[in-house]
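Here's the structure we're looking at; comments come further down.
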Amino acid sequence: MPRFKPEDLRQIGYTLFEKAGCQKEDARAVVDHLVESNLFGHDSHGAIRFYEYARAIREGRFQPQAEPQVVQDKPCMAVVDAGGAMGQVGATFATRLAIEKAREQGVGTVALRNTSHIGRVGAYPLMAAREGLIGQIFVNAGHLGYQIAPFGGLDGKLSTNPMAFAAPRRNAEPVLVDMTTSVVAEGKIRVALNKGVDVPEGWLMDANGNPTTDPKDFKADPPGAILPMGGVVAYKGYALSLMVEILGGALSGLGCANGSRTMVSNGVFLNVYHIEHFVELEDYYDELESLIAHVKSSRTAPGISEILLPGEPEFRSAERRSQEGIEVDDTTWETICEEARMIDLDPSEWDDLKN
Ligand code: NAD
């Protein structure tokens, strides 16, 4: 399994996406996002998407030259149509707009449609939190609803429908909640398939509704389905998923998880809150830090060394992987190389970067 320094993996990505048809700065936005996903430990949203996005551009499903347009603009809200642009480009544009509005008005809400896959959805609230604001995002997958069974159902009818939230801390990384409303991201089933390993119990059922740990059952014909989040109370994951469909799909104008499966797109609904419009900034920080100390003071269960905050696993993984490098499984690497050859790049030129 090849391992790369983050800067080398970025360099490979820049070359691939520029050759695929992205402008230089858009290639950087896409690749920096994907490599950060690997650093954060979310390989499901990292280099595995190099070949998926490059292929989608080659097949005309993503429009790398498209530029997001504001189609509705009010003091506290806007609607952006990305015209099929790369997801990271569309979602970054929408987040910048929501931050600007929140700084002026206290709250900025932006709905985004017709953008391609935006990747790790927590990246966008995190942008707001890094600038001292609170961010929140709800993301559906347009009409591509066939991965998650509704509570009590056997058939995939919804997408993984993630949502994320980030809040700044005083002198520490933000609290970062970034999660699907299904048990797990669909990309993690793909990572298991590429690695040829089973998934944990409780993630999947086969086409007949039997529990399975074989990721191939998910992609079989007829397919299996991922379970909604929540275990014995999975109706709560299902309920949140419907909420995400309504905000990300119906309110963005992209559409919900029904209809034909032609669209390769995320529907996005993003809120940004400017803290000082609500309370004194120092009071907010005092309150948050004392909440965190209170939560972390809990005794821990056997086998658990420490209470973590949402986001801490990702920030710690980033520190570790920045030093140790990023492993890319063999199937993913070979598929990236195949896609590179399709657009007349010579991937053997990258051999020296592997270690
Ligand atoms: P996950 O289950 O690994 O993590 C979910 C959340 O739980 C994170 O905020 C994490 O910090 C937190 N967490 C994990 N362990 C913890 C612990 N011990 N204590 C406290 N908090 C803890 O993530 P996931 O739901 O499988 O999602 C993976 C990624 O896939 C996310 O980045 C998500 O945005 C992305 N995704 C994107 C799309 C899309 O359409 N663009 C769709 C689905 C998922």
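Residue numbers (numbering that gives the first Met the number 0): 0 to 354.
Here a beta-carbon is modelled for each residue, glycine too, at the ideal position from N, C-alpha and C.
Endpoints, beta strand (DSSP E) assigned at residue i
i                 : result
proline 124       : Careful: proline 124 lies outside any beta strand (DSSP E), inside the alpha helix (DSSP H) at 122-129.
threonine 114     : 106-114
glutamate 172     : 171-178
proline 149       : Neither: proline 149 is in no beta strand (DSSP E) and is coded neither H nor E.
glycine 82        : 76-84
aspartate 72      : 68-72
phenylalanine 137 : 133-139
Unbroken alpha helix (DSSP H) run spanning residue i, endpoints
i             : result
alanine 339   : 329-341
leucine 246   : Leucine 246 -> no alpha helix (DSSP H), and no H or E assigned at all.
aspartate 220 : Neither: aspartate 220 is in no alpha helix (DSSP H) and is coded neither H nor E.
alanine 28    : 23-38
alanine 166   : First-last for alanine 166: 162-168, but that is the beta strand (DSSP E), not the alpha helix (DSSP H).
valine 294    : 280-295
glycine 186   : 185-194
glycine 12    : 5-19
isoleucine 56 : 47-57
Same chain, Cβ closer than 6 Å to residue i, five either side skipped, listed in chain order
i              : result
asparagine 354 : Arg2
glutamate 326  : Met0, Arg2
aspartate 80   : Gln68, Val70, Arg112, Asn113
leucine 153    : Gly208
alanine 127    : Ile98, Gly134, Val271
serine 36      : His44, Gly45, Arg119
aspartate 350  : none
Contact set for residue i: own chain, Cβ-Cβ below 7 Å, skip 5 residues either direction
i                 : result
tyrosine 283      : Ile274
threonine 14      : Leu344
alanine 101       : Gly107, Leu132, Val271, Tyr272, His273
phenylalanine 150 : Pro227, Ala233, Tyr234, Tyr237
arginine 189      : Ser43, Ile47
aspartate 328     : Met0, Asn193, Lys194
Residues near residue i by beta carbon distance below 8 Å, same chain, minus five either side
i             : result
arginine 340  : Pro346
proline 173   : Leu125, Ala128, Arg129, Ala165, Ala166, Pro167, Gly310
threonine 212 : Asp197, Val198, Pro199, Glu200, Trp202, Leu203
alanine 10    : The sequence given here has glutamine at residue 10, not alanine. Excluding residues within five positions, the ones whose Cβ falls inside 8 Å are Leu352.
glycine 324   : Arg2, Phe3, Lys4, Pro5, Asn354
leucine 287   : Ala166, Arg168, Arg169, Val174
Report task. Give a yes or no on contact between the stretch 106-118 and the stretch 166-174, applying the rule of three or more CB pairs nearer than 8 Å. Result -> Inter-segment contact for the stretch 106-118 and the stretch 166-174 is absent: fewer than three beta-carbon pairs are separated by less than 8 Å.
Query raised in the report: Do the stretch 107-127 and the stretch 251-258 make contact, defined as three or more Cβ pairs closer than 8 Å?
Result: Yes, they touch.
Report task. Check whether the stretch 167-184 touches the stretch 117-128, taking contact to mean three or more Cβ pairs, one atom from each stretch, closer than 8 Å. Result -> Taking 8 Å as the limit for Cβ pairs, the verdict is that the stretch 117-128 does touch the stretch 167-184.
Query raised in the report: With a cut-off of 8 Å, do at least 3 Cβ pairs link the stretch 200-207 to the stretch 53-61?
Result: Contact between the stretch 200-207 and the stretch 53-61 is absent, because fewer than three Cβ pairs lie under 8 Å.
Requested in this report: Taking 8 Å as the threshold, find out whether the stretch 80-94 comes into contact with the stretch 141-148 through three or more Cβ pairs.
Outcome: Taking one beta carbon from each stretch, the stretch 80-94 and the stretch 141-148 have fewer than 3 pairs nearer than 8 Å; the two do not touch.
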